[in-house]
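Residue numbers (my numbering), protein chains in the order written: chain A, 1 to 264; chain B, 1001 to 1264.
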């Protein structure tokens, strides 16, 4: 990609994300007068759709040859990874959006021929922008995130939801219990995008989950790559960009240690 | 308690909390140049102790007849609940303080003859002060928190750590797994004070954990009481203020529904 194009994409993505975040924050003012849960749920569905449509309209106008893959399905029919694809989750962490009005994010991963070019995860409630550009590093607002040091499970704080610690169809829960037991502690925030951004910024040492869609992880993978984080499926295989995947993202060293428990 | 005394305590507690929060935030500037984990751990130990001593000195000077119960043990030997007792956790969520530099809190519960008078939980990273005064309601910064509506488990987001979802010595984990399965979702933040404040402010519908000390829950109970939240041990018995307790805190309705699973 030419440098000029890349700068143009960065400026546009950041400006549109800021605008979308404002729309989301503004929607809370409306909910303050709404007391019935069903109404809030309706509002959320609308906001998810509206924000996705907002991005698609902007992208189609400014970058007519780019494609869009979005959670709400208003984007393009994507068959392969050729060309430039914006992979967008307008609200990652919708339950948090409803229940907490915080801990949700706008997630945008931009790929060219399957290679991550740029990732943005905007934690709207805390006004924290996690941003990464291929080969240029990752940033939390103005702060350049350092490369991730190695760590061990006994010193690690792991992002894992309680769902995977009890019996479930997707993973041997006894292996997950062992990871929980051997770690320093676990956390769960209910937004995959934020949890991947936390691994990239060192707030979590690892994050694992059993089923994510492309819009949940597309931006996070680019962030992780820039700081030396490792991300694979929970069986150690490479993540497939356009499919549902299990994800194990972690600092170096720790990724291998967790994987050894999960795959034995 | 006389109204004047109460106002004096409120002003002092808020001012000292703000001052302590500034000390904690400032400590991060020092850590930016510290790269070895052991050094950060030392710093944390110091900050825990320093903040507790800071409060004790202030309290002894301004309210010489009040007693202090603190996590670090610099306070008084408390035998019973008579008189006015400040129950203080200088840093609730120490692991988060080290790993995240956010999601930790200063927690202060003030009791008179065993009755909750005032509670403060200051989420330092997000600059959110949760404050409650007996009979006067609970507040998140300037916003008066509404009374908690009833809810059901299937619509509820529950705060519960993965530790209790696997086999453990303190609770039948299969009952906890059932609660996880039947809920809308679970979260875990690693700070009991913040998690109790989240229940009081509706960000979580319930929170359960198996072992908390007085300084972990003293402030949270006062907040919950002001918004109609229910808090007991996980076997339904009353919480004992000066001992370690299991805690189940929840919206009305939901508390009973969860308890029915835990005690059967």
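Cβ atoms here follow ideal geometry from the backbone N, Cα and C, with glycine treated the same way.
Answer with buried or exposed for residue i, where buried requires no fewer than 16 other C-beta atoms within 10 angstroms of its C-beta.
i	result
residue 151 of chain A	buried
residue 34 of chain A	Low confidence applies here, because residue 34 of chain A scores a pLDDT of 46, under 50, leaving its location unreliable and the question unanswered by this model.
residue 1048 of chain B	buried
residue 1017 of chain B	buried
residue 229 of chain A	buried
residue 101 of chain A	buried
residue 1036 of chain B	With a pLDDT of only 45 at residue 1036 of chain B, under the threshold of 50, the placement of this residue in the model should not be trusted, and no figure is reported.
residue 144 of chain A	exposed
residue 1260 of chain B	exposed
residue 243 of chain A	exposed
residue 1250 of chain B	buried
residue 114 of chain A	exposed
residue 15 of chain A	exposed
residue 52 of chain A	buried
residue 236 of chain A	exposed
residue 71 of chain A	buried
residue 257 of chain A	buried
residue 1007 of chain B	exposed
Nearest to residue i by CA position, among the options, is which residue?
i	options	result
residue 153 of chain A	A:81, A:108, A:255, A:212	A:255
residue 195 of chain A	A:170, A:142, A:130	A:130
residue 82 of chain A	A:253, A:241, A:251, A:250	A:241
residue 126 of chain A	A:182, A:117, A:141	A:141
residue 124 of chain A	A:12, A:22, A:7, A:248	A:22
residue 1135 of chain B	B:1226, B:1230, B:1170, B:1096	B:1226
residue 1210 of chain B	B:1117, B:1161, B:1068	B:1161
residue 253 of chain A	A:205, A:239, A:247	A:205
residue 1097 of chain B	B:1045, B:1236, B:1235, B:1262	B:1045
residue 62 of chain A	A:5, A:118, A:80	A:5
residue 148 of chain A	A:185, A:264, A:231, A:26	A:231
residue 1104 of chain B	B:1122, B:1115, B:1133	B:1122
residue 1202 of chain B	A:203, A:119, A:95	A:95
residue 1012 of chain B	B:1234, B:1170, B:1118, B:1238	B:1118
residue 168 of chain A	B:1171, B:1181, B:1172	B:1181
residue 974 of chain B	B:1024, B:1112, B:1071	Any answer about residue 974 of chain B is impossible in this case: the structure gives chain B only from 1001 up to 1264.
residue 247 of chain A	A:263, A:133, A:208, A:258	A:208
residue 1159 of chain B	A:69, A:19, A:190	A:190
residue 1110 of chain B	B:1020, B:1093, B:1132, B:1163	B:1132
residue 50 of chain A	A:24, A:128, A:170	A:24
residue 1116 of chain B	B:1128, B:1138, B:1233	B:1138
residue 1058 of chain B	B:1020, B:1093, B:1233	B:1020
residue 120 of chain A	A:29, A:163, A:79, A:10	A:10
Kindly indicate the opening and closing residues of the alpha helix (DSSP H) around residue i.
i	result
residue 216 of chain A	214-226
residue 1097 of chain B	1094-1099
residue 1200 of chain B	1192-1200
residue 1254 of chain B	1254-1262
Quick one: measure Cβ to Cβ for residue i and residue j, integer angstroms, because I've assumed they're closer than 8 Å.
i	j	result
residue 165 of chain A	residue 157 of chain A	Between residue 157 of chain A and residue 165 of chain A the Cβ distance is about 15 Å, and since that is not below 8 Å, they are no contact.
residue 107 of chain A	residue 1187 of chain B	With 8 Å as the limit, residue 107 of chain A and residue 1187 of chain B do not qualify as a contact, their Cβ atoms being about 19 Å apart.
residue 1224 of chain B	residue 1199 of chain B	6 Å
residue 1067 of chain B	residue 1056 of chain B	Wrong, their Cβ atoms sit about 10 Å apart, outside the cutoff.
residue 1212 of chain B	residue 1245 of chain B	6 Å
Between which two residues does the beta strand (DSSP E) carrying residue i extend?
i	result
residue 1108 of chain B	1105-1112
residue 179 of chain A	Element bounds for residue 179 of chain A: not the beta strand (DSSP E) but the alpha helix (DSSP H), 173-182.
residue 117 of chain A	115-123
residue 69 of chain A	67-70
residue 163 of chain A	It is not in any beta strand (DSSP E) - residue 163 of chain A carries neither H nor E in the DSSP assignment.
residue 63 of chain A	From DSSP, residue 63 of chain A is part of no beta strand (DSSP E); its letter is neither H nor E.
residue 185 of chain A	185-187
residue 1137 of chain B	1137-1140
residue 231 of chain A	230-232
residue 133 of chain A	128-133
residue 247 of chain A	245-250
Does the region 207-225 of chain A come within contact of the region 79-97 of chain A, defined as at least 3 CB pairs closer than 8 Å? These segments touch.
Count the C-beta pairs between the region 1219-1232 of chain B and the region 1179-1199 of chain B that are closer than 8 Å, then say yes if the count reaches three, no if not. yes
Should the region 170-188 of chain A be called in touch with the region 1063-1076 of chain B, which here means at least 3 C-beta pairs below 8 Å? Taking 8 Å as the limit for Cβ pairs, the verdict is that the region 1063-1076 of chain B does not touch the region 170-188 of chain A.
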